[in-house]
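Using this note's numbering, read the sequence shown as starting at 20 and increasing by one per residue. Note that beta-carbon positions come from the ideal geometry of N, C-alpha and C, so glycine has one too. These notes are about the structure you will find just below.
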Amino acid sequence: MKQTDKMLARVEEGIGTMTFNNPERHNAVSLEMWEAAAAILDDFANDPAVRVVVLTGAGGKAFVSGADISKFEDERASEEAYNRYNAAVDRASTRLAEHPKPTIAMIRGWCLGGGVGLATCCDLRICSDGSRFAVPAARLGLGYAPKGLKRVVDLVGPAFTKEIFFTARQFTAAEAHQMGLVNRVLPEAELDAYVRDYATTIAGNAPLTIAAAKVAIGELLEDESARDMARCDAMVQACFESRDYVEGRRAFMEKRKPAFEGR
């Protein structure tokens, strides 16, 4: 598993955890971190021991607070550097949005700009009640690409997306939950245990079933003319032909917990 000082990865009991480790800058993300994130996500995708992926931030005060502005002079000063940075962000974001395994953003504290972008690439978002969300692009004169905007629209709809981007203000965890930006809000002291239990539950379920559902949901969000329903049908059929389907039936009849293998 690849690691850098600013990006950490570990695998425990079916859960792959990727940590943004730049707490002195509220986990602002540099070019090096974006590149490492893509590599870690690839490792998780190819590791059969990983059933679910959790993203989190170090230090207890932030999930991710956006781009590391202190690095802009080195990483985004020229057109060439700017293009390289944007390509790294897009690569990591796409890896996350298209990851074959379920992904959870565990959000504590600040979730700003690129942090919101990362969170919306995940399948689920669970936050502490003290979390704060904002996309301050309108205060900085930055433009957002349609791909990133679509992920927000798919989650909260166009009206709330406009509110988030037009006002550039901070939203509380309760407001984020009301909009549908996050799935669950937990008291600060309960967040870690809740996400661990949630991830463990997912990791214990049938991987082929989850993968088929994830792909189908993604296809249903596309325009009807662009949907690959044949792929969805093939994945559903693979579930019925799998050893896990046999195991699931037997476990149900025997009143025991199934031991799914993902095949």
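Among L174, T228, G136, whose alpha-carbon lies nearest the alpha-carbon of D85? For this step, residue 85 is matched to residue 66 along the sequence shown. Looking at the sequence itself, residue 85 is Gly, so the reference to Asp does not match. Of the candidates L174, T228, G136, the one whose C-alpha sits nearest the C-alpha of G85 is G136.
Hey, out of G79, L60, A235, Y104, whose CA is closest to V71's CA? Position 52 of the sequence shown, counted from the first residue, corresponds to residue 71. Nearest in C-alpha terms to V71, of all of G79, L60, A235, Y104, is L60.
To the nearest angstrom, report how far apart L74 and P277 are at their CA atoms. Translated into the one-based positions of the sequence shown, residue 74 becomes position 55. Translated into the one-based positions of the sequence shown, residue 277 becomes position 258. In a straight line, the C-alpha of L74 is about 27 Å away from that of P277.
Measuring CA to CA, which of I126, N102, E31 is closest to G76? Here residue 76 refers to the residue found at position 57 when the sequence shown is read from its first residue. Cα-wise, what sits closest to G76 is I126.
For K166, is the classification buried or exposed, using 16 other Cβ atoms within 10 angstroms of its Cβ as the cut-off for buried? One-based indexing of the sequence shown puts residue 166 at position 147. Around the beta carbon of K166, a 10 Å sphere encloses fewer than 16 other beta carbons of the protein chains shown; the residue is thus reported as exposed.
Going by alpha carbons, who is nearest to R262 out of G35, G33, A225? Mapped onto the sequence shown, residue 262 falls at position 243. When G35, G33, A225 are compared, the shortest CA-CA separation from R262 is found for A225.
Report the option in E51, F63, P119 whose CA atom is closest to the CA atom of A100. To locate residue 100, count along the sequence shown from 1; it is residue 81. It is E51 whose Cα lies nearest to the Cα of A100.
When burial is assigned at 16 or more other CB atoms within 10 Å of the CB, is S244 buried or exposed? By 1-based counting over the sequence shown, the position of residue 244 is 225. S244 counts as exposed, since fewer than 16 other C-beta atoms from the protein chains shown sit within 10 angstroms of its C-beta.
Enumerate in chain order the residues of its own chain whose CB-to-CB distance from A192 is below 6 Å, with the five nearest sequence positions on each side excluded. In the sequence shown, counting from the first residue as 1, residue 192 sits at position 173. Excluding sequence neighbours, A192 sits near C146, D148, S150, V204.
Inter-stretch contact at 8 Å, needing at least 3 Cβ pairs: the segment 104–118 / the segment 216–224: Verdict: no, contact absent.
Starting from G35 and walking both ways along the beta strand (DSSP E), at which residues does that stretch end? Walking along the sequence shown from the start, residue 35 turns up at place 16. Start and end: 34–39.
Which residues in the same chain as V54 place their Cβ atom closer than 6 Å to its Cβ, once the five residues preceding and following it in sequence are excluded? Here residue 54 is taken as the residue at index 35 of the sequence shown, counted from 1. A quick correction: the sequence has Glu, not Val, at residue 54. Only A107 meet the Cβ criterion.
By the 10 Å Cβ neighbour count, where 16 or more other Cβ atoms means buried, how is D142 classified, buried or exposed? Stepping through the sequence shown from its first residue, residue 142 is reached at position 123. By the 10 Å Cβ count, D142 comes out buried.
N-terminal and C-terminal residue of the beta strand (DSSP E) that C146 is part of: Counting from one through the sequence shown, the residue named residue 146 turns up at place 127. Note, C146: beta strand (DSSP E), 143–147.
Between L161 and N46, what straight-line distance do the alpha-carbon atoms span, to the nearest angstrom? Locating residue 161 in the sequence shown gives position 142, counting from the first residue. Locating residue 46 in the sequence shown gives position 27, counting from the first residue. Straight through space, the alpha carbons of N46 and L161 are spaced by roughly 20 Å.
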